[in-house]
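For the sequence shown, our numbering assigns the number 11 to the initial residue and increments by one for each residue that follows.
By construction, the Cβ of each residue, glycine as well, lies at the ideal position given by its N, Cα and C atoms.
Data block below; observations after.
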Amino acid sequence: MGKIIAIINQKGGVGKTTTAINLSAYLAKLGKQVLLVDLDPQGNASSGLGFEQSKVSSGLYEVLMNNQEVLKVVKKTKQSGLSIIPATSSLAGAGVELVNLENREFRLLNIIKELKNDYDYILIDGPPSLGLLTVNALTAADEVLIPIQSEYYALEGLSQLLETIDLVKDHLKPNLKILGAVITMYDKRNKLSGAVMEELYRYFPQRIFRSIIPRSVRLAEAPSFGRSILQYKPKSKSAVAYENLAKEIINLENNN
11 MGKIIAIINQ KGGVGKTTTA INLSAYLAKL GKQVLLVDLD PQGNASSGLG FEQSKVSSGL
71 YEVLMNNQEV LKVVKKTKQS GLSIIPATSS LAGAGVELVN LENREFRLLN IIKELKNDYD
131 YILIDGPPSL GLLTVNALTA ADEVLIPIQS EYYALEGLSQ LLETIDLVKD HLKPNLKILG
191 AVITMYDKRN KLSGAVMEEL YRYFPQRIFR SIIPRSVRLA EAPSFGRSIL QYKPKSKSAV
251 AYENLAKEII NLENNN
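Pasting the structure below:
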């Protein structure tokens, strides 16, 4: 039975999609069958793995809104063990279109349920907002991974995100868990102040992952080639950091 992890932060530019792409790639490298679901209308996870929005004729929107068969939109990536449900440009309208639908908060859950037995991990790259698409990601997920940029303003909006997660737990998905927070875009010349680190531990007493993702030109370049950092620069520090994060997540699973 696969584990479904939603990667969520409504604050843009925090390394959310970068984490979705590269964590997926390393989980697959470590022998897991992985599906990445691109629920971000910007479609950066899709293009970052070589699927340009303009060239993808059907993807998640067509399944969510037009009842297209999900297996028809799952694409294999260039990496063994990693598949993706890409985002088409139509996904931008889904947040509004969902409003009038029955079971609008559970559309994604009902799609993913069909696939759960085919994968060890299903990762959802959520949109940078707290609308209905994000609620769909949370109701579909078993756990939430929150990427947090290592800077002073990282905590802005965090309480709002955690409130949304609590609301989903209270009303829609009682067994939803926070897997933890991963610190991204870390620049050792610009140390995270002790105060910010303390605050983070207050928000996430259960887990801040030991693997800290460094800020990196290579990591920023890789998506423009339609590649994960594993395919682009596998010996870089950021590649090692994502591999370690994948190992931490697998070890948690094994120890539960």
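- Counting only residues of its own chain and dropping the five nearest sequence neighbours on each side, residue 191 has a CB closer than 6 Å to the CB of 156, 158, 214, 218.
- Pairing residue 98 with residue 71 gives a Cβ-Cβ distance under 8 Å.
- In the three-state DSSP reduction, residue 155 falls in the strand class (E or B).
- Counting only runs of at least 4 residues, the region 115 to 172 fully encloses the following alpha helix (DSSP H) elements, listed from N- to C-terminal order: 117 to 123, 142 to 150.
- Annotated as distal: residue 47 and residue 108, with beta-carbon spacing of 8 Å or more.
- Between the region 63 to 70 and the region 248 to 264, the count of Cβ pairs shorter than 8 Å is below three; the stretches do not touch.
- Taking the CA atoms as reference points, residue 143 sits about 31 Å from residue 250.
- In this structure, residue 216 and residue 188 form a Cβ contact; the two beta carbons are roughly 7 Å apart against a cut-off of 8 Å.
- Relative to residue 149, the option among 139, 186, 173 whose CA is nearest is 186.
- Closest option to residue 95, judged by alpha-carbon separation, among 231, 106, 180, 51: 51.
- The DSSP-derived three-state label of residue 93 is strand.
- Its Cα nearest to that of residue 211, the residue 193 stands out among 243, 138, 193.
- Apart from the 5 residues on each side of it in sequence, residue 174 sits with its Cβ closer than 6 Å to the Cβ of 140 in its chain, given in chain order.
- For residue 191, the enclosing beta strand (DSSP E) begins and ends at 187 to 194.
- Taken through DSSP and simplified to helix, strand or coil, residue 250 comes out as helix.
- Distance from the Cα of residue 228 is smallest, within the candidate group 67, 170, 243, for 243.
- Cβ atoms of residue 31 and residue 233 come within 8 Å of each other, at about 7 Å.
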